[in-house]
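Worksheet: the structure to be examined is printed underneath.
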Amino acid sequence: MGVFAFMAFLAAQAATGFMRQLFADAVYPRALRAIDVFLVTLFTGPFGERGAGQ
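In terms of my numbering, the sequence shown opens at residue 15 and continues consecutively.
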């Protein structure tokens, strides 16, 4: 029982690490880029050059 629980714990850790790496590689940069584009559009779109700090 203890060995099974330990192996389940290791499998859960590996899956968590894999998901975390997958999130860091695929989702996180796209989310940052989407937020960046959204903020740039938000600040430059309605307000023109004044919103961009120029």
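Here a beta-carbon is modelled for each residue, glycine too, at the ideal position from N, C-alpha and C.
Note that this is a predicted model, so its numbers are computed, not measured.
CA-CA distance, residue i and residue j?
i, j, result
"residue 58", "residue 49", "14 Å"
"residue 31", "residue 53", "31 Å"
"residue 56", "residue 26", "41 Å"
"residue 47", "residue 17", "44 Å"
"residue 38", "residue 23", "22 Å"
For the alpha helix (DSSP H) containing residue i, name the first residue and the last one.
i, result
"residue 50", "42 to 58"
"residue 32", "16 to 36"
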